[in-house]
Structure formats: C-alpha cells, structure tokens
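Student: First the structure, then my questions, so here it is.
2 protein chains.
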Amino acid sequence: MTESVTVAVDAMGGDHGPQVTVPAALHSLAHDPQLNVVLVGLREPIEHELRIHRQQVGERLRICHASEVVGMDESPALAMRNKKDSSMRIAIDLVKQGEAGACVSAGNTGALMATARFVLKMLPGIERPAIASELPTMRGSTVMLDLGANVDCTPEHLLQFGIMGSVLVSALERCEVPSVGLLNIGEEEIKGNETVKLAAELLRASGLNFYGNIEGDDIYRGTTDVVVCDGFVGNVALKTSEGLAKMVSTMLREEFSRNALTRLAGVVALPVLNAFKHRVDPRRYNGATLLGLRGVVIKSHGGADRFSFEQAIGRAVREVRSQVLQRIGEKMETVHKHAA
Amino acid sequence: MTESVTVAVDAMGGDHGPQVTVPAALHSLAHDPQLNVVLVGLREPIEHELRIHRQQVGERLRICHASEVVGMDESPALAMRNKKDSSMRIAIDLVKQGEAGACVSAGNTGALMATARFVLKMLPGIERPAIASELPTMRGSTVMLDLGANVDCTPEHLLQFGIMGSVLVSALERCEVPSVGLLNIGEEEIKGNETVKLAAELLRASGLNFYGNIEGDDIYRGTTDVVVCDGFVGNVALKTSEGLAKMVSTMLREEFSRNALTRLAGVVALPVLNAFKHRVDPRRYNGATLLGLRGVVIKSHGGADRFSFEQAIGRAVREVRSQVLQRIGEKMETVHKHAA
C-alpha cells in the first residue's frame, strides 16, 4: 500500500502564485489518493482560487494562513530575519514540526535555502546543502548537483554532494549503485584545479560507484547517473543549457514561420516536433531538491505553470516515500566507516 | 586592396590530417587570391593529397617538411620538449620567424598552447593566454573566453581576457565599443565568488564597455558582444552546449525516422530543418583563437571537416588583416593609463 504523505505548498511563491500553485495541488490530490496538501499563504486569494475550481478544504486539503509573502527579488537574509510569517517560512515550519513530510516552493531560491537551512538544520555529516536537479539525457536522465547553492566548495563538500546525489538516485530510481561523475575539463595539460583533483581522490576512496572525471558533454550523453560539481560551475552549465534550448526552439519556430510553404511544412511536421518537444520538455523535470537538510524541500522553477508545479509536488512525494533523508544518513555512516 | 597574408597550416594535425587540411587549404587559396599557404608536415602524404586534387606547389602554395607528428593524446610538455621537428612546432616557428602571419592547427590543444607560448611568448601586459571562440546567439554571435587554457584565474587575468576579447570583436566586426559581460551566477545571496567580484571592479574601472555580470543564459541570448570567464567554467559551458546540441539533433533525427509517416514529414520539413541547421552549424564557427601570444595561432576542432577547417584558415587571415595583435598592445596601454 502506498504511504500517506502530507506536502506543505507555499501557495504564494513563484511568478504566478495561487493561480498556479492551487490548481497544481488540486491536480496532484486527484491523482494521488494517499496525498494530503496544506496550502500555505494568504487565505483570501487561496480561497478565491479554490472557488474558481469549485473545490473546498476537507480532510486531505487544508489552508494554513500566513500573512506575509517573500518577494522574488528580496534579500534572502532580510526575508529570513524579518518575514517570520511568510508563506515560505510557515511551509518550512510545518516540515520542522512534523506536520508535513515535505514542502514545495516556487519562490525566491536564496530565501528558501537560507530559511530552510536556518529552520531545519543540516543532516549529520553534511556541511553544505546542495541544489540537485534531474536533467534529460540521451539515455534517460541524470541528477546534477550543486546547481548554485555554493560558489566555493572544498573537496569534502564535493564528496558529500556525490554521496547525496548517489542516494537520491538509488532511492528514487531503484538503481542500486548509481555511477557518479566529477565534472571537469578536458584539456590534457590541465585536468582541473586543485579542488577537483582532491575531490576525485576522496570520491575514489569513498566506496561510491565513482566513474571518474567527466566533461560537459557527458551530462547530456548520460555518461553517469550523478554529476557532481560546485555551485558556480553547475549554475552556469544549467543556465547555459536553458539559453541554448531557448535559442534552438526560437530559431526552429522562426524557420517554420518564414513563409506559407514553411508554415505548411510545420503543420505536417507538427506531431513529430511535439513528440520531440515532449522528450526534452523541461517542465517534466521541474523541481530541484535542496539536499542535505533535515527535511525534504523542493524548489520549483519560479515561472512554473500548473503542469510543471505538479511535477515538483510529485517529486516531493516520491522523496518522502523513498525515505531519501534516512538513506543519506545511513550512507554517510557507511562512507565514514569505509574511509576509516 | 586586400593585404597579402601567408598562413602556416599544420597539415598533420586533427583526426583526419592531410585528407582534410590539404583540400581545405586549396579551397581557401581558390577563394582568396591574396592568400599564401605553407603546408607543414610529412612531405609524402601532403604531396599525395595534392596529386589527388591535381594541384602542385607554386608561388602561393609551399610545402615545408616536418619529420614528426604530435599525437592527439600526447603529453603537451613532452611533445614540446621532444618533438622539435613536429609539424605543429615548425608551423609556429614560421610565425616566429615572420615567414607566416599566422598558423592554424587541428592538433592537440594542450601541445599547441604550450608550444606556442614557449616559442612566441606573451604580448606585453598579458600574463596568460586565453582560448577565445565565436558562438552563435539569438542576435548574431558573441566571443567567449577563456574556454579552457586556465583553470585558476586571478581578477587581473579576467580583466586581461576582457580587454583581449573586446579588441578581437572590435577588430573583426568593426564594432567600435563591444560590450563585455562577466559570467556569473544568478542566485541572489551569492553573487559569485571573490575572484569574480574583484574582476567586476577591475572591469568597471577599465574604460571598457563593461555591461556587468551576466548569467549562463545570456550567452546565447547575445546579451553582450564578449563573455569573460575562467577556463574551467568556460570549458564546461562550451562542452555542455555541445552535448545538448548533440542530444537535440539526435532526438530530432530519431523522431523523424520513427515510421513511414514521420519520415514523410521529415522530407517535407527538410528544407526548413536545413535552414535551421545552417544557422546553428558549429562548423561555421570553427577556429578558436589562442589570444595573448605574440603571433596569431588558431586552433581548429580536431574532428573538423574540409569546410570547417577552411573557416579556421579564414579566421586566421582575418585576424592578421585586422591587426588584432597590434590593437591588443595599444589597448593595454590605454587601459593602464585609464587605471593610473
């Protein structure tokens, strides 16, 4: 039997707020009979959305009023210090208090990370949280971390990212020993900086299924199940990919709308183009995990639509059901024994 | 009148050697009556290729015999030390001696960089060479550097990359004051590491047209004419892009060859897909500049085909004709005056 899970949804976060978060939560509830949702935020706009969808609160759907909203461009430090009744903060508090198994927010990443770290604290043995996300590859998907939480990482941090990423993949995909790659550069004379070289040694000695160094093109080739890098490099790689994907889709659209003939070709090719689009649709991969905290916290893309935010809720549910946090704790112990 | 330029071509470099480099050189000669080429390498295979194309040496085409070849996976340090009669080394020597205005090689990047630096030395005021390349963007193209020559950069190095990139763009594209962006990450709480923060200050005070920090997606958006980053980040961003582009094209091909109906759609859409492909064709952008040396050295992709290698030769010619090196020297003086 599937385990019952409660997810706290920061209903106010993201570019669209309740207009997206509420219908996404309703969809998730309809698809998962063992799911409970707490919508956290300003009661009025949330209830307004519920009315639009002819839904009301009940056993599986609650509203938890929070009087403040963290702005998308607000300083994380100030938001954390001053907005103690924000929807984001209350959603995290619910996880801390054990009233929810996970929380999901499409709000300000920095504020979410700072607040979650402050409220939930880190798992034993983990010094820094990391942002982990699933990316599509030629062979399926890979989990990459860190995607921007840490700009300066020590070799030990990179090792911890490797452990957490490995546990995440094995828990979610029931792949027993995921391969872990360390993102590096390919020029022969300079195989990475000192940090990366030392991290490779630690990973090699960790007992993880360490593949070795990989290069940027290995990410989408799907060479390894997990890709480890510092947050600066990871963030640049991710954003560069987003930019390239945007350029490709814009140019494809431009070429197909050049004249009557190309538009006709576009109509003929539409089913194929849609099938292609589906395979690389970033919305399917929405929901980055803030890994390393004593609680499951999922960050949705700020511009997420209903479908996209629903994926983030689904990710939260899967991480709770597959006991990712407990597994990370257990793995940390094994690795320390292995290293000792 | 167009200036006459002599290019030394490392005929042995790359995955295909003379089979690609010789026809590419012949094509370049046919298209540019003011171009002279010295084919450097093993005389026999070069002459064999010339015979296949019914061409022979003459006033504009010479062969310079070199008895050794640097392997693609050879250690750069060993190649530099031990192979003093390699095609790569002799091609660079020709630039040093003033017998060629530039050299082009599709060989081992590390060996090319190490040898070029050893033979040619750095331009005054430049401490580190950088690998610069042109990338397609939504608005046209941008020049990004460093793409892998330096894994650990100081703020001063990044400033020098900004100066060199700016000069390269203004010289080649006759754009007077190119905008320069510093690649950084977008999370609000952590606007980059210390190096990047200090580099931003230096760039702001340099008198260059400094746009400020940019993120990964700004590269293909074409936000700035020049993108500055350290070699680790640049290399990962570039290779990640290559991997994503490969995945996209593979998946498009797969979807169009799924069944008879999709194949028919593919035939109808072919002219449009080709137009699209042309716009993002990486072959058109082949030829990275090793910037900062006292000589024009162009690195072609190792797997370059004839068309692609020809673009690299063309880039060498344009850089000589637009006096990129002299301009960098002049710019370094202005910036130092500006800072003083």
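Heads up: the sequence lines are chains X and Z, in that order. Counting from 1, one number per residue, gives the positions in the first sequence under my numbering. Counting from 1001, one number per residue, gives the positions in the second sequence under my numbering. We put the CB at the ideal spot given by N, CA and C, even for glycine.
(1) Kindly indicate which residue of Z:G1207, Z:S1308, Z:G1295 and Z:T1334 has the alpha-carbon position closest to the one of K1096 of chain Z.
(2) Quick one, which residues of the stretch 1140-1171 of chain Z are near chain X if we go by CB-CB under 7 Å, in chain order?
(3) Could you please give the first and the last residue of the uninterrupted beta strand (DSSP E) stretch that includes E1134 of chain Z?
(4) Residues of chain Z with CB under 8 Å from L238 of chain X, in chain order?
(5) At the level of alpha carbons, what is the spacing between E188 of chain X and R221 of chain X?
(6) Ends of the alpha helix (DSSP H) at D1010 of chain Z?
(7) Pick out whichever of X:L123, X:A275 and X:Q311 has its Cα sitting closest to the Cα of R327 of chain X.
(8) DSSP three-state call for A66 of chain X: helix, strand or coil?
(9) Comparing C-alpha positions only, which one of X:E173, X:A199 and X:E68 sits nearest to N184 of chain X?
(10) How is the beta strand (DSSP E) around M72 of chain X delimited, first residue to last?
(11) With A237 of chain X and T1240 of chain Z assumed to form a contact (beta carbons below 8 Å), what rounded beta-carbon distance in angstroms separates them?
(12) Extract the residue ranges of the alpha helix (DSSP H) inside the stretch 1291-1324 of chain Z, only unbroken runs of 4 or more that lie entirely within it.
(13) Checking contacts by CB at 8 Å: is E187 of chain X closer than that to chain Z?
(14) Is the shortest distance between the beta-carbon of N1193 of chain Z and the beta-carbons of chain X less than 8 Å?
(15) Since N1036 of chain Z sits in a beta bridge, which residues does DSSP pair it with?
(16) Terminal residues of the continuous beta strand (DSSP E) containing S1141 of chain Z?
(17) I'd like the span of the alpha helix (DSSP H) that includes N1235 of chain Z, first residue to last.
(18) Is the beta carbon of S87 of chain X sitting closer than 8 Å to the one on D10 of chain X?
(19) Measure the alpha-carbon distance for Q323 of chain X versus A149 of chain X and round it to whole angstroms.
(20) State yes or no: is the beta carbon of V335 of chain X nearer than 8 Å to at least one beta carbon in chain Z?
(21) Going along chain X, which residues have a C-beta under 8 Å from Y1220 of chain Z?
(22) Taking CB distances under 8 Å as the criterion, tell me whether N235 of chain X reaches chain Z.
(23) Given that a residue counts as buried once 16 or more other Cβ atoms are within 10 Å of its Cβ, and exposed if not, what is V1104 of chain Z?
(24) With respect to the beta strand (DSSP E) encompassing A111 of chain X, which residues constitute its N-terminal and C-terminal limits?
(25) Does the distance from the C-beta atom of V1143 of chain Z to that of D1225 of chain Z stay below 8 Å?
(26) What three-state label does DSSP hand E187 of chain X in the structure shown?
(27) Indicate the three-state DSSP secondary structure (helix, strand or coil) for V1057 of chain Z in the structure shown.
(28) Are S28 of chain X and V37 of chain X touching if we call contact CB-CB under 8 Å?
(29) I'd like to know if T250 of chain X contacts chain Z, where contact means its C-beta is closer than 8 Å to some C-beta of that chain.
(30) Quick check on DSSP: helix, strand or coil for N1213 of chain Z?
(31) Closest by CA to A91 of chain X, which one among X:L182, X:H65 and X:T109?
(32) Using DSSP with H/G/I as helix, E/B as strand and the rest coil, what is T1289 of chain Z?
(33) In or out: T1137 of chain Z buried (at least 16 other Cβ within 10 Å) or exposed?
(34) Report yes or no: do the stretch 1099-1116 of chain Z and the stretch 1066-1081 of chain Z share at least 3 C-beta pairs separated by less than 8 Å?
(35) Take L1026 of chain Z as the anchor and find which of Z:A1316, Z:F1309 and Z:K1331 has the nearest alpha-carbon.
(36) Quick one: does E127 of chain X have its CB under 8 Å from some CB of chain Z?
Tutor: Taking the coordinates as given:
(1) Position 96 of the second sequence holds residue 1096 of chain Z. Taking only the C-alpha atoms, the option nearest K1096 of chain Z is Z:G1295.
(2) G1148, V1151 and D1152
(3) The residue given as residue 1134 of chain Z occupies position 134 in the second sequence. Run containing E1134 of chain Z: A1130 to T1137, per the beta strand (DSSP E) assignment.
(4) Against the first sequence, residue 238 of chain X aligns to sequence position 238. Residues of chain Z passing the Cβ test: G1216.
(5) Counting from one through the first sequence, the residue named residue 188 of chain X turns up at place 188. Counting from one through the first sequence, the residue named residue 221 of chain X turns up at place 221. With a pLDDT of 44 at E188 of chain X, under the threshold of 50, the predicted position of this residue should be treated as unreliable, though the coordinate-derived value follows. Each residue's Cα considered, the two are about 21 Å apart.
(6) Reading the second sequence from its first residue, position 10 is the one you call residue 1010 of chain Z. Careful: D1010 of chain Z lies outside any alpha helix (DSSP H), inside the beta strand (DSSP E) at V1005 to D1010.
(7) Within the first sequence, residue 327 of chain X is the residue found at index 327, counting from 1. It is X:L123.
(8) Residue 66 of chain X sits at position 66 when you count from the first residue of the first sequence. Residue state, collapsed to three classes: coil.
(9) For the purposes of this step, residue 184 of chain X is identified with residue 184 of the first sequence, where counting begins at 1. The shortest Cα separation from N184 of chain X among X:E173, X:A199 and X:E68 belongs to X:A199.
(10) As a working mapping, residue 72 of chain X is identified with position 72 in the first sequence. Where M72 of chain X is concerned, there is no enclosing beta strand (DSSP E), given that its DSSP letter is neither H nor E.
(11) Translated into the one-based positions of the first sequence, residue 237 of chain X becomes position 237. Translated into the one-based positions of the second sequence, residue 1240 of chain Z becomes position 240. Rounded, the Cβ-Cβ distance is 5 Å, consistent with contact.
(12) 1306-1321
(13) If you number the first sequence from 1, residue 187 of chain X lands on position 187. The pLDDT assigned to E187 of chain X is 48, lower than 50, so where the model puts this residue is not dependable; a value taken from the coordinates is nonetheless given after this. Yes, contact with chain Z.
(14) On the second sequence, residue 1193 of chain Z is found 193 positions in, with the first residue counted as 1. Yes, contact with chain X.
(15) As a first step, residue 1036 of chain Z must be located in the second sequence, where it is residue number 36. DSSP output for N1036 of chain Z lists Z:T1006 as bridge partner(s).
(16) The sequence position of residue 1141 of chain Z within the second sequence is 141, counting from 1. Unbroken beta strand (DSSP E) run through S1141 of chain Z: G1140 to L1145.
(17) What you label residue 1235 of chain Z is simply residue 235 of the second sequence in a count that begins at 1. Where N1235 of chain Z is concerned, the enclosing alpha helix (DSSP H) stretches over G1231 to F1256.
(18) One-based indexing of the first sequence puts residue 87 of chain X at position 87. One-based indexing of the first sequence puts residue 10 of chain X at position 10. The answer is yes: Cβ separation under 8 Å.
(19) Position 323 of the first sequence, counted from the start, is the residue given in the question as residue 323 of chain X. Position 149 of the first sequence, counted from the start, is the residue given in the question as residue 149 of chain X. Approximately 23 Å, taken between the alpha carbons.
(20) Your numbering for residue 335 of chain X matches position 335 in the first sequence. Closer than 8 Å: no.
(21) Residue mapping note: residue 1220 of chain Z aligns to position 220 of the second sequence, counting from 1. Within chain X, the residues near Y1220 of chain Z are T240, G243, L244, K246 and M247.
(22) Your numbering for residue 235 of chain X matches position 235 in the first sequence. Yes - at least one Cβ of chain Z is within 8 Å of the one on N235 of chain X.
(23) Position 104 of the second sequence, counting from 1, holds the residue named residue 1104 of chain Z. It is buried - the Cβ of V1104 of chain Z has at least 16 other Cβ atoms within 10 Å.
(24) Walking along the first sequence from the start, residue 111 of chain X turns up at place 111. Premise fails: A111 of chain X lies in the alpha helix (DSSP H), T109 to L120, not in any beta strand (DSSP E).
(25) What you label residue 1143 of chain Z is simply residue 143 of the second sequence in a count that begins at 1. What you label residue 1225 of chain Z is simply residue 225 of the second sequence in a count that begins at 1. Yes.
(26) Translated into the one-based positions of the first sequence, residue 187 of chain X becomes position 187. Reliability of the predicted coordinates at E187 of chain X is poor, the pLDDT of 48 falling under 50, and no value is obtained from them.
(27) Here residue 1057 of chain Z refers to the residue found at position 57 when the second sequence is read from its first residue. DSSP places V1057 of chain Z in coil when its eight states are reduced to three.
(28) For the purposes of this step, residue 28 of chain X is identified with residue 28 of the first sequence, where counting begins at 1. For the purposes of this step, residue 37 of chain X is identified with residue 37 of the first sequence, where counting begins at 1. Contact: yes.
(29) As a working note, residue 250 of chain X is residue 250 in the first sequence. Closer than 8 Å to some Cβ of chain Z, the Cβ of T250 of chain X qualifies, so yes.
(30) Start at 1 with the first residue of the second sequence, and residue 1213 of chain Z comes out as number 213. N1213 of chain Z: strand per DSSP, three-state reduction.
(31) Within the first sequence, the letter at position 91 stands for residue 91 of chain X. For the residues X:L182, X:H65 and X:T109, the minimum Cα distance to A91 of chain X belongs to X:H65.
(32) By one-based count along the second sequence, residue 1289 of chain Z stands at place 289. In the structure shown, T1289 of chain Z sits in a strand (DSSP, three-state: E or B).
(33) Looking up residue 1137 of chain Z in the second sequence gives position 137. Buried is the call here.
(34) yes
(35) Mapped onto the second sequence, residue 1026 of chain Z falls at position 26. Measuring from the Cα of L1026 of chain Z, the nearest candidate turns out to be Z:F1309.
(36) Here residue 127 of chain X refers to the residue found at position 127 of the first sequence. So, not an interface residue.
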